Amino acid sequence: MEKLTVIGGGLAGSEAAWQAAERGIKVDLFEMRPTNTTGAHRTNDLAELVCSNSLGSTLPDRASGILLTELQSLHSMLIQCAQETVLPAGHSLAVDRQQFSRIVTQKIESHPRINVIREEKHEFPRSPAIIASGPLTSPSLTNSIKNETGSDHLFFYDAISPSILADSIDHSIVYRGSRYGKGTTPEGDYINCPLNQTEYDHLVFDLVNAKRHQLRKFEVDIDIGVKAGHGSFFEGCLPIEVLAARNPKSLAFGPLRPVGLRDPRTNKRPHAVVQLRQEDQEATTFNMVGFQTNLLISEQKRVFQTIPGLQKAEFTRYGQMHRNTYIASPVLLNPSLMLKDRPGICFAGQIIGIEGYLGNVASGLLAGINAARLIHSDPLIELPQTTMLGALCHAICNTALEHFQPIKANLGIIQQPLDLDPRANKRQRSGLIAQISSNHLETFIEANELLYG
Ligand SMILES: Cc1cc2nc3c(=O)[nH]c(=O)nc-3n(C[C@H](O)[C@H](O)[C@H](O)COP(=O)(O)OP(=O)(O)OC[C@H]3O[C@@H](n4cnc5c(N)ncnc54)[C@H](O)[C@@H]3O)c2cc1C
407 MEKLTVIGGG
417 LAGSEAAWQA
427 AERGIKVDLF
437 EMRPTNTTGA
447 HRTNDLAELV
457 CSNSLGSTLP
467 DRASGILLTE
477 LQSLHSMLIQ
487 CAQETVLPAG
497 HSLAVDRQQF
507 SRIVTQKIES
517 HPRINVIREE
527 KHEFPRSPAI
537 IASGPLTSPS
547 LTNSIKNETG
557 SDHLFFYDAI
567 SPSILADSID
577 HSIVYRGSRY
587 GKGTTPEGDY
597 INCPLNQTEY
607 DHLVFDLVNA
617 KRHQLRKFEV
627 DIDIGVKAGH
637 GSFFEGCLPI
647 EVLAARNPKS
657 LAFGPLRPVG
667 LRDPRTNKRP
677 HAVVQLRQED
687 QEATTFNMVG
697 FQTNLLISEQ
707 KRVFQTIPGL
717 QKAEFTRYGQ
727 MHRNTYIASP
737 VLLNPSLMLK
747 DRPGICFAGQ
757 IIGIEGYLGN
767 VASGLLAGIN
777 AARLIHSDPL
787 IELPQTTMLG
797 ALCHAICNTA
807 LEHFQPIKAN
817 LGIIQQPLDL
827 DPRANKRQRS
837 GLIAQISSNH
847 LETFIEANEL
857 LYG
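In this note's numbering, the protein residues as written are 407 to 859.
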């Protein structure tokens, strides 16, 4: 029987290797640590949690709770380890991060069919293989992936835009409205900050000249894109200062375009408009649309407070940019997580554009199952879109490329039941969605004999 190569002993790769091995497949699991490191990982252990020690909410009707239930139903090894190392944290699944990774490492290293090879893989692997090398994939492998899949199909950075407390906005200057009045609320869905030509020119000047964060070593240790001076950003998610530097008019024709946004008080169209989008149901915070940025925090405060209406803005989150290597899943992948044009090569984890620890584990689990099925000549599976994992895989594969950005488990992507009572409140809806996801997964598991052992 063919051996499976798994690249990356992180969350996705460890789960994938385990799932395949439990289905009788011999696995070579390549992990480059400790010889090489990512710069974010601190230990030599497999499945290291690089930042927070929380895997998300355990409440069964929350997005991460639904995914957690699904992972338990599918016998995820990593979730079992999480439960063995759980810490008290209310409704969050928080773990002792060191114990967690240590237990995962012990289990993987002592599995009779898994061979852990502490070596960096430079080349694109031969089939059958799973690439789960994460958001900080080593530069040489990144180059190989780029060569195999096409340079247009690999992105390197994610940028986040700032959020502002609603109470700190000067409502005597800004106005509500949706472009061409096409909103879902009569007063308009956005808060609009109007700029005249002088204010706009100052903003562009400040953005271009403000001080930026230096990329950290692990973020520049990649010889693609950064040479161009501004890195290889996903075009739909360019930092505002990079866009401003391209051409003085690019913001006025881009995220600050005023068309369809007449100020009702003057009935005139401002020269440019900064739009703020509501972030929570209570409308306590608003996000600056298109203002993802890599400016220093002090510079963000200084520059953004020159925008009319935002002079006293209180920022609940500043913009930031971080390295995040991910492939163009809508073009390259099937919801089975196999490459469309090369069945036998799977991708899993953050590199496919699924965010969050649980999502990374879950995609590794599916990749492991499908790689084993491929080797056993069984049909590959795609999970129903009424399950959170199925919805995530369909979302990354079926989003239009120009709108593609990494996504986390959320209730918006899951297929809603047709007979959902429109009068049901949010809690009732999410409870029903969770129930249906669980029922559908159980039926699917049984019909496809998915469980090992
Ligand atoms: C700095 C940072 C902080 C984050 N914080 C959080 C957080 O708090 N909460 C959250 O939910 N998500 C967080 N994420 C996002 C994501 O959930 C984690 O990065 C998660 O670990 C991704 O899982 P993964 O299996 O895809 O990759 P990883 O867990 O990173 O695993 C990939 C593995 O591949 C190895 N590798 C890379 N290249 C090669 C190669 N060529 N050959 C062999 N091995 C290789 C790496 O050493 C690594 O062990 C964070 C991401 C980053 C970068």
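All C-beta atoms, glycine included, are put in the ideal place defined by N, C-alpha and C.
Predicted model, so just to flag it, every value in this text is computed and none were measured.
Query, Result
"Expected contact under 8 Å - CB spacing of L435 and G415 to nearest Å", "6 Å"
"Cβ shell of I775 (< 6 Å), same chain only, five flanking positions each side left out", "Q425"
"S544 beta carbon near ligand 1 (any heavy atom closer than 7 Å)", "yes"
"Spatially closest choice to D467 from A616, T475 and N730, by CA coordinates", "T475"
"Boundaries of the alpha helix (DSSP H) in which T348 is found, first to last residue", "Examination of residue 348 is not possible in this model, given that the chain is present from 407 through 859 alone."
"Identity of the residue in L739, Y586 and K707 nearest R675 by Cα", "Y586"
"DSSP bridge partner residues for G583 (one or two, in chain order)", "Y596"
"Closer than 7 Å: G759 CB and nearest ligand 1 heavy atom", "no"
"Touching by the beta-carbon criterion (3+ pairs, under 8 Å), the stretch 503–520 and the stretch 726–743", "no"
"Start-to-end residues for the beta strand (DSSP E) that takes in I523", "I520 to I523"
"Check: H619 C-beta below 7 Å from any heavy atom of ligand 1", "no"
"Top-ranked residue by Cα proximity to P812, from G762, Q821, L824 and I781", "G762"
"Closest by C-alpha distance to F850, when choosing among P790, H782 and I751", "P790"
"Helix, strand or coil at K832 according to DSSP, with G and I counted as helix", "helix"
"C-beta contact flag for E525 and S550 at 8 Å", "no"
"Limits of the alpha helix (DSSP H) - the one that T604 falls within", "Q603 to N615"
"S507 and T449 closer than 8 Å at C-beta", "yes"
"Length of the line joining the Cα atoms of K814 and P541", "14 Å"
"L764, enclosing alpha helix (DSSP H) - first and last residue", "Y763 to I781"
"Integer Cβ distance of G715 from V580, believed to fall under 8 Å", "4 Å"
"Short Cβ contact (8 Å threshold) for P736 with C799", "no"
"F436 CB to nearest heavy atom of ligand 1 below 7 Å", "yes"
"Residue closest to E593, alpha-carbon to alpha-carbon, out of C599, Q620, L609 and R582", "R582"
"Pick from N598, T444, G419 and N673 that is closest to G765, judged by C-alpha positions", "G419"
"Length-filtered (3 minimum) beta strand (DSSP E) runs lying within the stretch 708–741", "721–723 and 726–733"
"Secondary structure, alpha helix (DSSP H): runs of 4+ residues fully inside the stretch 461–492", "469–479 and 483–490"
"S656, DSSP secondary structure in three states", "coil"
"DSSP bridge partner residues for R618 (one or two, in chain order)", "L701"
"Residues sharing a beta bridge with F561, DSSP", "Y732"
"Neighbourhood of A689 by C-beta distance below 8 Å, restricted to the same chain and skipping five residues each side", "A572"
"Beta-bridge pairing of A535 - partner residues as DSSP gives them", "T411 and I751"
"Collapsed DSSP secondary structure at A678 in the structure displayed", "strand"
"Residue burial classification, T590 (beta-carbon count within 10 angstroms, cutoff 16)", "exposed"
"Where L857 falls, given that 16 or more other Cβ within 10 Å makes a residue buried", "exposed"
"Terminal residues of the beta strand (DSSP E) in which F860 lies", "Shown here, the chain extends from 407 to 859; a query on residue 860 therefore has no answer."
"heavy atom of ligand 1 below 7 Å from E720 C-beta", "no"
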